[in-house]
Every structure is written in C-alpha cells, then in structure tokens.
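Report on the structure given below.
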Amino acid sequence: MMKAHMLIGALVMVGFTVGKAPVSEVRTCHLCLLENPAVGCISGSEKCTISSSSPCMVISINYENKARFLIRGCGQHNSYRCQEKLPTYISEYWYSAQCCQ
C-alpha cells in the first residue's frame, strides 16, 4: 500500500512538472515619460517589460519637420496607433507613433 502512495505521489509530481505551461517570452522596452532628442530623457527613465507579442512604442512630437520631444513606453497606447501620423491641436505641430516588435 505504501508503494502505491509513493507511485501516485511521484506521478502527480511528474504531471505537474510536465504539464506546466512554458513561461511566455517577454520584451524589454525603454520607458521615458519625456525625452528631448538633444538632451536625452528628462523624466521617468527606466526599463519596462511586456509580452513578446506586444510592441514597444515611441511617440514623437514634431514641430514642422523636426522631432521636439519623444515619449517611449511598453505596449500600444489606446489613443495612438502604430505608424500613425496626425496633426495636433496646435498648428505646425504633429505627432507620429512608431512601434517596434
């Protein structure tokens, strides 16, 4: 009887080990709440991690044809779409959202 309990215990342990889902792969992105391209990150510099199926996103705020500020983060923000370029409410300013896989 003791051997049966040990066998069942061993099978349960093997079942838990074999049946575990693989750890999903993650992506590391640079998070910066406000970046000046000439100076670097001004506020909120750190790394963030997301699932490998989600993109890193960089939103650039441009004046005429020059990037004035960048916002970097993990994942796609609800208000911005990847590869989107749109004007802002202030004339001569526009933003673009870039995603990288």
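Throughout the sequence shown, residue numbering follows mature numbering (1 follows the signal peptide of the UniProt record, and there is no 0), covering -19 to -1, 1 to 82 in sequence. Idealized CB from N, CA, C, for every residue including glycine. Being a predicted model, the structure only gives us computed values, none of them experimental.
Would residue 74 and residue 44 qualify as a contact pair, given that the criterion is a beta-carbon distance under 8 Å?
Contact flag set, yes.
Alpha carbon of residue 71 to alpha carbon of residue 41, nearest angstrom:
About 15 Å.
Would you tell me roughly how many angstroms separate the C-alpha atoms of residue 8 and residue 53, rounded to the nearest one?
Cα atoms of residue 8 and residue 53: separation of roughly 14 Å, rounded to the nearest angstrom.
Measure the C-alpha to C-alpha separation of residue 6 and residue 57 and round it to an integer number of angstroms.
Here the alpha carbons of residue 57 and residue 6 stand approximately 18 Å from one another.
Minimum C-alpha distance to residue 19 - residue among 31, 49 and 38
Among 31, 49 and 38, the Cα nearest to that of residue 19 is on 49.
In whole angstroms, what separates the C-alpha of residue 81 from that of residue 11?
Computed Cα separation, rounded: 12 Å.
On the DSSP bridge list, what partners appear for residue 83?
Residue 83 is absent from the structure shown; the chain starts at -19 and stops at 82.
From residue 16 to residue 39, what distance separates their C-alpha atoms?
C-alpha of residue 16 to C-alpha of residue 39: approximately 10 Å in a straight line.
Beta-carbon separation (whole angstroms), residue 22 vs residue 13, contact threshold 8 Å
Correct: roughly 4 Å between the Cβ atoms.
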